[in-house]
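**Q** Have a look at this one.
Residue numbers (the working numbering): -2 to 384.
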């Protein structure tokens, strides 16, 4: 193999596939990146047997060939070279020779024949989604997924395909996020798949600079999913099992609905969370009526105030926000985990947000005002009589 390519393009490709390199494995080749010519392009691939990423980089191919080399070391060497310089790669025996503007290095490799085949999903129905819409949707749900394998299905994101609508769902037992989005081309069948959280996180990273629609394909036995981008394929195993019926968790009514300025609510919660760190992250929200209509908050309810506070042995804090209160109760105190509030408020892009409540012991629902495609449910925290 003898090829040449721009350092910046090669480094970018290695950064993409490098996330799938196995860090600890009994198979040494899983710690390597496959380098292979593919017509007039350079193909890079890595897999840990659960996630496989393939990326194609433009190159001048002088001689066909392939090899695998240590992924981390190869990526670091290329990243250390000057951008916009031409990198020359050539196989010599069982090694890869790297040269660029006076720099030379040799890396011992493993034959490409020993690299696991990353399965594709050929000739299967696919749906197409805009990259920006998908990236935003993934960002609004992924943080709510479980980070342990106590309940394996909760360590993934539920992708529900129904006609031209894709619904993403994530939950960890304490919170639930549901986001709907329209697809540019339907999958052609109604199915549910559970994609591992790590796969979703890698996909979100890759989506950053994409402009063309993303294709999603599922194997007939529903064991793997393929996300196809302009120059990247990401293949992942799927989590087996049945996802919980989350509709049972979402309250169908609200005794109280509070409308707030999103950024003001986020800032007040951030301040309260500084004190709440020493009190199990408990942030107290108290709703009360106000004498004058709030400025900058639209709604047809009663003028109100939301007090955001926290108490701990180290001290206490309290902040008041103008609000509009709708519903049966205009006086209510409830507590939530401050981090959970911060997570959801950080992904809401509308100017105003609504908080729907029923009682201090019932789940709260956070929704962006004016948008109906996102719902976030948070379980409340227990408050003692003295608190």
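From the three backbone atoms N, C-alpha and C, an ideal C-beta is built for every residue, glycine too.
Looking at the C-beta of residue 280, does it have a partner C-beta in chain B at a distance below 8 Å?
**A** Within the model displayed, chain B is absent; a lone protein chain is all it includes.
**Q** Within 10 angstroms of its Cβ, does residue 227 collect 16 or more other Cβ (buried), or is it exposed?
**A** Residue 227 sits at position 230 when you count from the first residue of the chain shown. Counting Cβ neighbours within 10 Å, residue 227 comes out exposed, since fewer than 16 surround it.
**Q** Which term fits residue 440, buried or exposed, when burial requires 16 or more other beta carbons within 10 angstroms of its beta carbon?
**A** Since the first residue shown for the chain is -2 and the last is 384, residue 440 is missing from the structure and cannot be characterised.
**Q** What are the start and end residues of each continuous beta strand (DSSP E) run of 3 or more residues lying completely inside the segment 101 to 184, in chain order?
**A** Fully enclosed beta strand (DSSP E) runs of 3 or longer: 123 to 126, 153 to 159, 162 to 168, 172 to 179.
**Q** From the DSSP secondary-structure annotation, give me the bridge partner or partners of residue 332.
**A** Sequence index remark: in the chain shown, residue 332 carries index 335 (1-based). Beta-bridge pairing links residue 332 to 281.
**Q** Measuring only the C-alpha atoms, how far is residue 33 from residue 276?
**A** Indexing the chain shown from 1 puts residue 33 at position 36. Indexing the chain shown from 1 puts residue 276 at position 279. Those two C-alpha atoms are separated by around 55 Å.
**Q** Could you check how far apart the C-beta atoms of residue 39 and residue 2 are, in whole angstroms? I think they sit under 8 Å.
**A** Taking the first residue of the chain shown as position 1, residue 39 is located at position 42. Taking the first residue of the chain shown as position 1, residue 2 is located at position 5. Indeed, because the Cβ distance is near 6 Å, the residues count as touching under 8 Å.
**Q** From residue 383 to residue 344, what does the alpha carbon distance come to, in whole angstroms?
**A** Stepping through the chain shown from its first residue, residue 383 is reached at position 386. Stepping through the chain shown from its first residue, residue 344 is reached at position 347. Summary for residue 383: the model assigns pLDDT 46, below 50, so the residue's position carries little reliability; its value from the coordinates is reported in the next sentence. When rounded, the distance between both Cα atoms is 34 Å.
**Q** Would DSSP call residue 359 helix, strand or coil?
**A** Taking the first residue of the chain shown as 1, we reach residue 359 at position 362. Note: residue 359 maps to coil in three-state DSSP.
**Q** So the candidates are 272, 315, 374; which of them puts its Cα closest to the Cα of residue 361?
**A** Translated into positions along the chain shown, residue 361 becomes position 364. The shortest C-alpha separation from residue 361 is found at 374.
**Q** At what residues does the beta strand (DSSP E) containing residue 29 begin and finish?
**A** If you number the chain shown from 1, residue 29 lands on position 32. Looking at the DSSP string, the run of the beta strand (DSSP E) that includes residue 29 is 29 to 35.
**Q** Can you name, in chain order, every residue of its own chain whose Cβ lies under 8 Å from the Cβ of residue 339, other than the five neighbours on each side?
**A** Residue numbering aside, residue 339 sits at position 342 when the chain shown is read from its first letter. The answer, listed in chain order, is 263, 266, 267, 270.
**Q** State the Cα-Cα distance for the pair residue 120 and residue 185, rounded to the nearest angstrom.
**A** In the chain shown, the residue the question calls residue 120 occupies position 123. In the chain shown, the residue the question calls residue 185 occupies position 188. Cα-Cα distance, rounded: 13 Å.
**Q** Does the Cβ of residue 79 have 16 or more other Cβ atoms within 10 Å, making it buried, or fewer, making it exposed?
**A** Residue numbering aside, residue 79 sits at position 82 when the chain shown is read from its first letter. Exposed is the call here.
**Q** So for residue 366, helix, strand or coil by DSSP?
**A** Mapped onto the chain shown, residue 366 falls at position 369. Here residue 366 sits in coil by DSSP.
**Q** Here's the rule I'm using: 16 or more other beta-carbon atoms within 10 Å means buried, otherwise exposed. How should residue 217 be labelled?
**A** Your numbering for residue 217 matches position 220 in the chain shown. Exposed is the call here.
**Q** Which ranges would you report for the alpha helix (DSSP H) in the segment 209 to 275 if only whole runs of at least 4 residues count?
**A** Runs found: 259 to 273.
**Q** Pick out whichever of 135, 35, 164, 170 has its Cα sitting closest to the Cα of residue 151.
**A** Position 154 of the chain shown, counted from the start, is the residue given in the question as residue 151. Cα-wise, what sits closest to residue 151 is 170.
**Q** Could you tell me the alpha carbon to alpha carbon distance between residue 242 and residue 352, rounded to whole angstroms?
**A** Working through the chain shown from its first residue, we reach residue 242 at position 245. Working through the chain shown from its first residue, we reach residue 352 at position 355. Their Cα atoms are separated by approximately 23 Å.
**Q** Could you tell me the distance, in whole angstroms, from the CA atom of residue 89 to the CA atom of residue 60?
**A** The residue you call residue 89 lines up with position 92 of the chain shown. The residue you call residue 60 lines up with position 63 of the chain shown. Going from the Cα of residue 89 to the Cα of residue 60 covers about 12 Å.
**Q** Can you list, in chain order, the residues of its chain with a C-beta nearer than 7 Å to that of residue 5? Leave out the 5 residues immediately preceding and following it.
**A** What you label residue 5 is simply residue 8 of the chain shown in a count that begins at 1. Correct list, in chain order: 80, 81.
**Q** Let me confirm a value: residue 139 is counted as buried when at least 16 other C-beta atoms fall within 10 Å, else exposed. Which label applies?
**A** Here residue 139 refers to the residue found at position 142 when the chain shown is read from its first residue. Looking at its Cβ environment, which holds 16 or more other Cβ atoms inside 10 Å, residue 139 is buried.
**Q** In this structure, how does DSSP classify residue 351 when only helix, strand and coil are distinguished?
**A** The residue labelled residue 351 in the question sits at position 354 within the chain shown. Three-state result, residue 351: strand.
**Q** Between residue 58 and residue 37, how many whole angstroms is the CB-CB distance? I'm expecting something under 8 Å.
**A** Here residue 58 is taken as the residue at index 61 of the chain shown, counted from 1. Here residue 37 is taken as the residue at index 40 of the chain shown, counted from 1. Right, their Cβ atoms sit about 6 Å apart.
**Q** Alpha carbon to alpha carbon, what distance is there between residue 133 and residue 125?
**A** Stepping through the chain shown from its first residue, residue 125 is reached at position 128. Stepping through the chain shown from its first residue, residue 133 is reached at position 136. Between residue 125 and residue 133, the C-alpha separation is close to 15 Å.
**Q** Going by CA-CA distance only, name the one from 203, 174, 244 that's closest to residue 363.
**A** For the purposes of this step, residue 363 is taken as residue 366 along the chain shown, with counting starting at 1. The candidate whose alpha carbon is nearest that of residue 363 is 174.
**Q** Please classify residue 123 as buried or exposed, where buried requires at least 16 other C-beta atoms within 10 Å of its C-beta.
**A** Stepping through the chain shown from its first residue, residue 123 is reached at position 126. Label assigned to residue 123: buried.
**Q** Does the distance from the C-beta atom of residue 240 to that of residue 327 stay below 8 Å?
**A** Translated into the one-based positions of the chain shown, residue 240 becomes position 243. Translated into the one-based positions of the chain shown, residue 327 becomes position 330. For residue 240 and residue 327, no; Cβs fall outside 8 Å.
**Q** Tell me the DSSP secondary structure of residue 90 in three-state form.
**A** Residue 90 sits at position 93 when you count from the first residue of the chain shown. If DSSP states are grouped into helix, strand and coil, residue 90 belongs with coil.
**Q** Taking the alpha helix (DSSP H) that residue 72 belongs to, which residues open and close that run?
**A** For the purposes of this step, residue 72 is identified with residue 75 of the chain shown, where counting begins at 1. Element bounds for residue 72: 68 to 76.
**Q** I need the boundaries of the beta strand (DSSP E) containing residue 59, first residue and last residue.
**A** Numbered from 1 along the chain shown, position 62 holds the residue referred to as residue 59. 57 to 60 is the span of the beta strand (DSSP E), which, as asked, contains residue 59.
**Q** I want to check one thing, is the minimum distance from the CB of residue 182 to the heavy atoms of the ligand MN below 7 Å?
**A** Among the components of this structure there are no ligands whatsoever, and the ligand MN is therefore not found.
**Q** Going by beta-carbon coordinates alone, are residue 303 and residue 284 separated by less than 8 Å?
**A** One-based indexing of the chain shown puts residue 303 at position 306. One-based indexing of the chain shown puts residue 284 at position 287. Result yes, Cβ atoms of residue 303 and residue 284 sit closer than 8 Å.
**Q** For residue 321 and residue 255, what's the separation of their Cα atoms in angstroms?
**A** Start at 1 with the first residue of the chain shown, and residue 321 comes out as number 324. Start at 1 with the first residue of the chain shown, and residue 255 comes out as number 258. Roughly 6 Å between the two C-alpha positions.
**Q** Tell me, to the nearest whole angstrom, how far the beta carbon of residue 68 is from that of residue 43; I am working on the premise that it is less than 8 Å.
**A** Within the chain shown, numbered from 1, the residue matching residue 68 stands at position 71. Within the chain shown, numbered from 1, the residue matching residue 43 stands at position 46. With 8 Å as the limit, residue 68 and residue 43 qualify as a contact, their Cβ atoms being about 6 Å apart.
**Q** Which partner residues does residue 44 have in the DSSP bridge list?
**A** Looking up residue 44 in the chain shown gives position 47. Beta-bridge pairing links residue 44 to 49.
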